[in-house]
Amino acid sequence: MNTPLRFLHHPTSQPCRAVNQFLLEVQIPFEEEIVNLMDGDNEQQSFKEKYNPTGQVPILCDGDFVVWESPAIAFYLNQKFEAPSNWFGQTVQQRALIQQYCHWHASFLRRGAGAFFYTHFAECIWGKQDYSKEIAKGKYTLYDSMSYLETWLSQNKYLCGDEISFADLLAFHELVSHVAGEILGAKDWLKHPKIKAWFDLIAERPHSKILSETIMKISAMRLAGELIPMTRKTSLAKGTEVTIGVYS
Ligand SMILES: N[C@@H](CCC(=O)N[C@@H](CS)C(=O)NCC(=O)O)C(=O)O
Numbered sequence: 002m003n004t005p006l007r008f009l010h011h012p013t014s015q016p017c018r019a020v021n022q023f024l025l026e027v028q029i030p031f032e033e034e035i036v037n038l039m040d041g042d043n044e045q046q047s048f049k050e051k052y053n054p055t056g057q058v059p060i061l062c063d064g065d066f067v068v069w070e071s072p073a074i075a076f077y078l079n080q081k082f083e084a085p086s087n088w089f090g091q092t093v094q095q096r097a098l099i100q101q102y103c104h105w106h107a108s109f110l111r112r113g114a115g116a117f118f119y120t121h122f123a124e125c126i127w128g129k130q131d132y133s134k135e136i137a138k139g140k141y142t143l144y145d146s147m148s149y150l151e152t153w154l155s156q157n158k159y160l161c162g163d164e165i166s167f168a169d170l171l172a173f174h175e176l177v178s179h180v181a182g183e184i185l186g187a188k189d190w191l192k193h194p195k196i197k198a199w200f201d202l203i204a205e206r207p208h209s210k211i212l213s214e215t216i217m218k219i220s221a222m223r224l225a226g227e228l229i230p231m232t233r234k235t236s237l238a239k240g241t242e243v244t245i246g247v248y249s
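Count along the sequence shown from 1, then add 1; that gives the number in my numbering.
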């Protein structure tokens, strides 16, 4: 009997939700293990040695095989389970364009996550401090990235063509956090009508709704001034900082 796939993740994490949605959309059976990021379990040496030297989630274990980085995990699943061709492309050009988005995403839209993290989670880790530089950097990266998305979505219904692909899941879940945390709101949608129409289209998918529930709930707590209990003392959004180490 095959051992079930193990998906290590956390529901507040944007790349984790993108992979989770892919697993659900393609109906791939898996067992989930939630990694306690709030207390830094992912930073334990034993965790890094066993699963991922960077300590980050998502991670997929298929028997002894371990893979991390969200697009690599989804690509592995796509190949292994022969997912419908919309997710990673039918033709060589479509495949290249989806890969192109995934690479772009890691250095652009993903880095805008700092706007959400420093607005809502930083205080839960390091207490009340001036995070305005980090938030400004995150917002700059987010808005800069959104100008690209708006252009691409005026050319195609989805980010890489007429059909939904894994690129859309990556981008969608980044924006879900910004919407949940009110980093993005009505005035941003007015400036980005194509993104808004695309966002609403993806938000209607049943798995989009279910997977967004935790971040909506946690963001509502933060917006109401409640702190999320965390014992970790390090960033959850490593790589987005202006001033590395200053808050610790
Ligand atoms: N490039 C990675 C990013 C993964 C990532 O940023 N994971 C965050 C959660 S959203 C994480 O594990 N943070 C915990 C930490 O760095 O300690 C991917 O796409 O999988």
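We put the beta carbon where it would ideally sit given N, CA and C, even for glycine.
Owing to the predicted nature of the structure, the values given are computational and were not obtained by experimental measurement.
Next item on the list: Kindly indicate which residue of Asn79, Phe76 and Ser146 has the alpha-carbon position closest to the one of Ser108.
Entry: Ser146
Check: According to DSSP, what are the bridge partners of Phe10?
Finding: Strictly speaking, residue 10 in this sequence is His, with Phe absent from that position. The partner list for His10 (beta bridge, DSSP) reads Ile35.
Check: Roughly how many angstroms separate the alpha carbons of Pro120 and Asn3, rounded to a whole number?
Finding: Note on residue identity: the sequence assigns Thr, not Pro, to residue 120. Across the structure, Thr120 and Asn3 are spaced so that their CA atoms are roughly 44 Å apart.
Item checked: Cβ pair count under 8 Å reaching 3, the stretch 65-75 against the stretch 19-26 -> Yes, the stretch 65-75 touches the stretch 19-26.
Next item on the list: Compare the C-alpha of Cys62 against each of Arg96, Asn37, His10 and Asp201 and name the closest.
Entry: His10
Notebook entry, point to check: Using the beta-carbon count (16 or more within 10 Å), is Gly186 buried or exposed?
Noted result: Gly186 comes out exposed.
Check: Going by beta carbon distance, what residues of the same chain come within less than 6 Å of Leu25, once the five residues before and after it are set aside?
Finding: His208
Margin query: Between which two residues does the beta strand (DSSP E) holding Leu171 run?
Written below: Looking at the DSSP string, Leu171 is not in any beta strand (DSSP E); the run it does join, the alpha helix (DSSP H), is Phe167 to Ala181.
Note to self: Can you find the residues in the same chain that come closer than 7 Å, C-beta to C-beta, to Leu170, ignoring five residues on each side of it along the sequence?
What the structure shows: Ala19, Gln22 and Phe23
Notebook entry, point to check: Between the stretch 233-245 and the stretch 123-135, do at least 3 Cβ pairs fall closer than 8 Å?
Noted result: yes
Item checked: Coil, strand or helix - Cys161 by DSSP -> coil
Checklist line | Nearest to Arg112 (by Cα), restricted to the options Thr142, Leu6 and Gln130 | finding: For Arg112, the nearest C-alpha among the options comes from Thr142.
Item checked: Minimum C-alpha distance to Glu135 - residue among Tyr248, Ser86, Leu6 and Arg7 -> Tyr248
Note to self: Just to confirm the assignment: which complete beta strand (DSSP E) runs, minimum length 3, are found wholly within the stretch 45-81?
What the structure shows: Restricted to the stretch 45-81, the beta strand (DSSP E) segments that are unbroken, complete and at least 3 residues in length are 60-63 and 66-69, listed in chain order.
Notebook entry, point to check: By how many angstroms is the C-alpha of Ala172 removed from the C-alpha of His106?
Noted result: The straight-line gap from Cα to Cα measures roughly 8 Å.
Next item on the list: Return the residue from the list Val93, Ala168 and Pro30 that minimises the CA-CA distance to Phe82.
Entry: Of Val93, Ala168 and Pro30, the residue nearest in Cα terms is Pro30.
Check: Does DSSP classify Asn43 as helix, strand or coil?
Finding: helix
Checklist line | Met231 and Ala181 closer than 7 Å at C-beta | finding: The answer is no: Cβ separation not under 7 Å.
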